[in-house]
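Engineer: Number 188 marks the last residue of the sequence shown (the numbering used here); no jumps. Quick reminder that beta carbons are idealized off the backbone N, C-alpha and C, glycines included. Note that this is a predicted model, so its numbers are computed, not measured.
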Amino acid sequence: HRTVITIKNTYVAETVITPIYNIQQEKQGYLLMLLDVTEKAQQEKEKEQTIALLSTPILKIWDSVLAIPLIGNLTNDRADKLLETILKKCVEERAEYFLLDLSSLSKIDESSGYHINKIGQSLKLIGTECFVVGVSPSLASSISKSDFKWKTYLHVQQAIKEIMTRKGVEFSSIEEPSNK
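#1: Which residue wins for smallest C-alpha separation from residue 192, given the options 173, 10, 175, 126?
#2: Under the rule that 16 or more other beta-carbon atoms within 10 Å means buried, what is residue 136, buried or exposed?
#3: So what does DSSP say about residue 36, is it helix, strand or coil?
#4: Alpha carbon to alpha carbon, how far is residue 24 from residue 124? Give it in angstroms, no decimals.
#5: Under a three-way DSSP split, which group does residue 10 fall into?
#6: Report whether the distance from the Cβ of residue 88 to the nearest heavy atom of the ligand NAP is below 7 Å.
#7: Do you know how far the Cα of residue 51 is from the Cα of residue 9?
#8: Just tell me which of 81, 29, 56, 175 has its CA closest to the CA of residue 114.
#9: Go ahead and pull the three-state DSSP assignment for residue 108.
#10: Just to confirm my understanding: we take residue 171, look at its own chain, exclude 5 residues before and 5 after, and list those with CB closer than 7 Å. What are they?
#11: With which residues is residue 3 paired in a DSSP beta bridge?
#12: Nearest CA to the CA of residue 47: which residue from 19, 30, 65, 31?
#13: Are residue 69 and residue 109 closer than 8 Å when you measure CB to CB?
#14: Following the continuous beta strand (DSSP E) through residue 67, name the residue where it begins and the one where it ends.
#15: DSSP three-state label for residue 164, please.
#16: Report the residue ranges of all beta strand (DSSP E) runs contained in full by the segment 107-143; include only those spanning at least 3 residues, in chain order.
#17: Straight-line CA distance for residue 17 to residue 39?
#18: According to DSSP, simplified to helix, strand and coil, what is residue 83?
#19: In terms of residue numbering, what span does the beta strand (DSSP E) encompassing residue 75 cover?
Put into structure tokens, the structure is as follows:
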């Protein structure tokens with residue numbers, strides 16, 4: 009039998025328990041080995057923290073505008089950590105708008121939709137408006153099968169243009185210089 013134990017919240021050991029038999033195959037006792045895996049466990053924990061950090065890169069797009077690309081599966085644990093990170097960063101940055109980029113997803117199941125909805129509702133409670141961007145045609149089809157009411161955009165640029173318009177920023181086209 010193998011298991012990993014923590015001793016006094018300081019040491020991590022892998023225990024191996026092996027029965028000892030005599031010639032008649034009668035159990036005589038057990039051999040217990042403890043292997044110190046504290047360093048390995050610490051490295052694994054650091055690796056998980058790095059992965060978690062890299063999986064939630066919040067980008068500052070403009071003053072009071074933040075964004076995050078959602079990549080991969082949105083499990084319950086990941087969604088909870090993501091929500092906590094997003095809310096904390098929005099409060100720190102006094103974000104008025106948050107762009108949730110779904111361009112790397114091809115479909116949304118009910119669970120992922122629930123978590124995205126929860127992010128949007130939580131942002132609303134702290135005064136940050138959430139825009140769901142990167143909604144491809146296949147993703148739109150997947151979303152339409154559910155009852156989610158999100159402000160969505162095909163491209164990030166469309167959402168940014170709306171935000172800038174709301175902030176009173178005017179856009180004009182850039183003309184190519186003429187050859188004289």
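Structural biologist: A quick look at the data gives this:
#1: This structure does not reach residue 192, given that the chain is present from 9 up to 188, and the question cannot be answered.
#2: buried
#3: strand
#4: 43 Å
#5: strand
#6: Looking at this structure, you won't find the ligand NAP or any other ligand, since it has none at all.
#7: 24 Å
#8: 81
#9: strand
#10: 73, 105
#11: The requested residue 3 is not part of the displayed model; the chain covers only 9 to 188.
#12: 19
#13: no
#14: 67-70
#15: helix
#16: 137-141
#17: 25 Å
#18: coil
#19: 73-77
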